[in-house]
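K.L.:
Below is the structure I would like to discuss, written out as structure tokens.
Numbering (the working numbering), first residue to last: 2 to 103.
Structure follows, in structure tokens:
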């Protein structure tokens, strides 16, 4: 019988998967917030050149950092999902092997 069915926790607990998904959501929300701020700059600044300058100087570096953070968060979350899938496939294969031995 697999360890999971003996009441033991798997090596990567579900709460880690959930936590990393929330990290991803937070990072994506930050990107969305920055995009809204950029939109506000263009909506509320009559001079297009001045608006572009504000966006370039203030918001572009923040967006670059937010995108980097969300990219890393996505990779981490996808890695955890992949590892969980691999563990589940191994557990199923192990169970099938044990059933075939009986």
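C-beta: ideal position from N, C-alpha, C; glycine also.
1) Express the C-alpha separation of residue 85 and residue 102 in angstroms, rounding to a whole number.
2) When we look at the beta-carbon of residue 71 and count the other beta-carbons within 10 Å, is it buried (16 or more) or exposed?
3) Please name the residue in 92, 82, 32 and 53 whose C-alpha comes closest to that of residue 15.
4) Short check: CB of residue 17 to CB of residue 75, under 8 Å?
5) Let's test the definition: count the other Cβ atoms within 10 Å of the Cβ of residue 94 and tell me whether it reaches 16, buried, or not, exposed.
P.N.:
Answer, in terms of the structure:
1) Reading the chain shown from its first residue, position 101 is the one you call residue 102. Reading the chain shown from its first residue, position 84 is the one you call residue 85. Residue 102 and residue 85 have their C-alpha atoms some 26 Å from each other.
2) Within the chain shown, numbered from 1, the residue matching residue 71 stands at position 70. Residue environment analysis places residue 71 among the buried positions, since at least 16 neighbouring C-beta atoms fall within 10 angstroms of its C-beta.
3) On the chain shown, position 14 is the one that residue 15 refers to. Cα-wise, what sits closest to residue 15 is 82.
4) As a working mapping, residue 17 is identified with position 16 in the chain shown. As a working mapping, residue 75 is identified with position 74 in the chain shown. No, the pair does not count as a contact, with Cβ atoms beyond the cut-off.
5) The residue given as residue 94 occupies position 93 in the chain shown. Exposed is the call here.
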